[in-house]
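Chains as they are written, first to last, in the working numbering: chain A, -9 to 191; chain R, -9 to 191. Worksheet for the structure shown next.
Here's what the structure looks like:
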């Protein structure tokens, strides 16, 4: 049986850690930020720009061109967003065709539906997500308060939900769209990954 | 660590089978219909009547008395429903206090929240639930068509959702209310139960 596992996740839920540990347990490939780098290569856009497109609304304006009419910028930004999605789709299909793997986010559950992937969604209550993100703050985030972190988490989730819904027509996080929905609120992620791995062994 | 596991389930999803197998794997007690019999004993109502109360709307009319004004019957039925819930709550608390166990349905996740139970919700797509229920039809259901079965499943789920929401103030099946939401659509329930059991071993 092929092992193609997709992991959607609320921001700060530890979904990425669970996905990485699951791939380690199963000794299969793991793709997360690697996909961004590949998209950047294919589209000749910067990795940061690609990430912004993916994390934000599908139609959000990215005025990377100047001196043009608003409507032109709108259309350009829209096409750019579409091209990022198309590159992402092709890359995810190539990766899954190449070998068994765990793929984090990026609508992979929908993109790979013909391969019948095992679809996991990872979530947690907002307090534990804020706590996790505060613990793991980057240098740039060092001055952030819990309130600001919460606001950032909710904004990122809202954008992920919109992005997912726009490209898949499905509701992000709706348990009907996944094989397993894991609440990591009171969960040891390492132990959970080891147990989930047994579904595929 | 105490093992108190609650299993909510969509009708026909195999949640009851998963719960039973999980209890077997863990060699702990399993409570499902046993609770109905206990409630019946405590309330001196028939087991069938108790089941009707639990499967239907909290305020649904059960005109078991006759020759009284409608408002009186309403009040009586309401009090009867409340007494069934109160008995159910007390029995579930007693059972969980007695020993490690798996308890199916009946708002046990909410009733036992102080004990921090592991809360599982089992669901599946409607086609696979209809197929499962058609395969397992009782003698009385032998003449039922798939269409009728689907209608019955959706009606029972709607009632379960209302009952749960009325007594818990939470949304039945909302993944945030559970530790694990399992989609059994393409799932070998026996294997899944064996894997889930490892979370507690």
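Every residue, glycine too, gets a C-beta built ideally from N, C-alpha and C.
{"Asked": "Any chain A beta carbon closer than 8 Å to residue 107 of chain R", "Found": "no"}
{"Asked": "Buried versus exposed call for residue 139 of chain A [16 or more other C-beta atoms within 10 Å across all chains shown]", "Found": "buried"}
{"Asked": "Residues within the stretch 154 to 171 of chain A neighbouring chain R, beta-carbon criterion of under 8 Å", "Found": "163, 165, 166, 168, 169, 170 and 171"}
{"Asked": "Whole-angstrom distance between residue 16 of chain A and residue -3 of chain R, CA atom to CA atom", "Found": "28 Å"}
{"Asked": "Identified DSSP bridge partners for residue 19 of chain R", "Found": "R:91"}
{"Asked": "Which listed residue (R:153, R:81 and R:182) has its alpha carbon closest to that of residue 220 of chain R", "Found": "Nothing can be reported for residue 220 of chain R: it is not among the residues displayed for chain R, which extend from -9 to 191."}
{"Asked": "Cβ separation of residue 33 of chain R and residue 77 of chain R, assumed to be a contact under 8 Å, to the nearest whole Å", "Found": "5 Å"}
{"Asked": "Residue 173 of chain R - partner residues in DSSP beta bridges", "Found": "R:113"}
{"Asked": "Neighbour-count burial assignment, residue 197 of chain A, 16 or more Cβ in a 10 Å radius", "Found": "As displayed, chain A neither begins before -9 nor continues past 191, which places residue 197 of chain A out of reach and without an answer."}
{"Asked": "Residue 33 of chain A in three-state terms, based on DSSP", "Found": "helix"}
{"Asked": "Cβ distance (whole Å) where residue 190 of chain A is taken to contact residue 31 of chain A below 8 Å", "Found": "Not a contact, Cβ separation roughly 30 Å."}
{"Asked": "Three-state class that DSSP yields for residue 135 of chain R in the structure shown", "Found": "coil"}
{"Asked": "Simplified DSSP assignment, three categories, for residue 168 of chain A", "Found": "coil"}
{"Asked": "Secondary structure of residue -8 of chain A, DSSP reduced to three states", "Found": "coil"}
{"Asked": "Close-in-space but distant-in-sequence residues of the same chain around residue 59 of chain R (CB under 6 Å, 5 per side omitted)", "Found": "Below a pLDDT of 50, predicted positions are generally treated as unreliable, and residue 59 of chain R, at 49, falls in that range; the measurement from the model is reported next regardless. Excluding residues within five positions, none has a Cβ falling inside 6 Å."}
{"Asked": "DSSP state of residue -1 of chain A mapped onto helix, strand, coil", "Found": "strand"}
{"Asked": "Residue closest to residue 159 of chain R, alpha-carbon to alpha-carbon, out of R:26, R:97 and R:118", "Found": "R:97"}
{"Asked": "8 Å Cβ cutoff met for residue 8 of chain A and residue 187 of chain A", "Found": "no"}
{"Asked": "Residue of R:128, R:112 and R:144 minimising C-alpha distance to residue 164 of chain R", "Found": "R:112"}
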